[in-house]
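Asker: There's a structure below that I have some questions on.
So, in structure tokens, the structure goes:
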């Protein structure tokens, strides 16, 4: 009997999807041995093409999708995962000028419109878009990491108001992902809820930089994505039948 080819899924995203972790010994970012995408692909029996890029924002991701389409990339579905870099600020500028107005790398409006643009672009090629919420961050660890021994912690805290504002601002971008998924009635992998249900997630699965996942975090995310997709598939099968 001829074996059916595995469904091909492309991931466009940032360092989370790429599998970047913080190497504490070397004091730099590095690729983890086994990524969440690898684990989910094996569990779900799909072929993954990972087009995620470290430091990528949603507007850059939209440009990447358009280029990949022009180059003939082919797949049945695509996972979109952006936001961690979009909601970030130029902390060095804030440290120097805490009294001034500062804007994120991508405004909430531009971020939302970029995600919409990705969805429309994929639909135009007959590709099923799948959105994914952002996993939570550890605001306190991230604050310590970004300040280090170079920036003025007092100035940055004055501008922020409180350290958890970093968490809340990142959460807002995750909520915008949910909003776009509802607008287009497309599949949403609610990774954030899955992470928050695990009481040890922030302490045990986020790196010292407060943002990136540890190797165990990547393993957890991979299994969580597979669980969520399998649950959604089962619900859809029951609905159809």
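Numbering (our numbering), first residue to last: 1 to 241. C-beta: ideal position from N, C-alpha, C; glycine also. Being a predicted model, the structure only gives us computed values, none of them experimental.
On a CA-only basis, which of 92, 83, 37 is nearest residue 149? Give me that one, please.
Answerer: Taking the chain shown and counting its residues from 1, the one referred to as residue 149 is at position 149. Of the candidates 92, 83, 37, the one whose C-alpha sits nearest the C-alpha of residue 149 is 92.
Asker: Answer yes or no: do residue 186 and residue 135 have a C-beta to C-beta separation smaller than 9 Å?
Answerer: Start at 1 with the first residue of the chain shown, and residue 186 comes out as number 186. Start at 1 with the first residue of the chain shown, and residue 135 comes out as number 135. Cβ atoms of residue 186 and residue 135: not closer than 9 Å.
Asker: If you draw a straight line from the C-alpha of residue 240 to the C-alpha of residue 233, how long is it?
Answerer: Looking up residue 240 in the chain shown gives position 240. Looking up residue 233 in the chain shown gives position 233. Low confidence applies to residue 240: its pLDDT is 44, below 50, so where it sits in the model is not reliable enough to give any reading.
Asker: Tell me whether residue 101 is buried or exposed, calling it buried when 16 or more other Cβ atoms sit within 10 Å of its Cβ.
Answerer: Within the chain shown, the letter at position 101 stands for residue 101. The residue in question, residue 101, is exposed, as its Cβ has fewer than 16 Cβ neighbours within 10 Å.
Asker: Output the boundary residues of the beta strand (DSSP E) element that contains residue 29.
Answerer: Along the chain shown, one-based indexing puts residue 29 at 29. Start and end: 28-31.
Asker: What residue range does the beta strand (DSSP E) around residue 117 cover?
Answerer: Within the chain shown, the letter at position 117 stands for residue 117. Boundaries for residue 117: no beta strand (DSSP E) harbours it, while the alpha helix (DSSP H) harbouring it runs 108-124, taken from the DSSP string.
Asker: Could you check which residue in 191, 132, 171 has the C-alpha nearest to that of residue 180?
Answerer: By 1-based counting over the chain shown, the position of residue 180 is 180. Out of 191, 132, 171, 132 has the C-alpha closest to the C-alpha of residue 180.
Asker: Quick one: measure Cβ to Cβ for residue 40 and residue 153, integer angstroms, because I've assumed they're closer than 8 Å.
Answerer: Position 40 of the chain shown, counted from the start, is the residue given in the question as residue 40. Position 153 of the chain shown, counted from the start, is the residue given in the question as residue 153. In this structure residue 40 does not touch residue 153 by the C-beta definition: roughly 38 Å separates them, more than the 8 Å allowed.
Asker: Which two residues bound the contiguous beta strand (DSSP E) that contains residue 131?
Answerer: Counting from one through the chain shown, the residue named residue 131 turns up at place 131. Taken as a continuous stretch (DSSP letters only), the beta strand (DSSP E) holding residue 131 covers 128-132.
Asker: Residue 156 and residue 195: beta carbons closer than 9 Å?
Answerer: As a first step, residue 156 is located in the chain shown; it is residue number 156 there, counting from the start. As a first step, residue 195 is located in the chain shown; it is residue number 195 there, counting from the start. Contact flag unset, no.
Asker: Report all residues from its chain with a CB closer than 8 Å to the CB of residue 88; omit the five preceding and five following residues, and keep chain order.
Answerer: For the purposes of this step, residue 88 is taken as residue 88 along the chain shown, with counting starting at 1. The residues are 104, 105.
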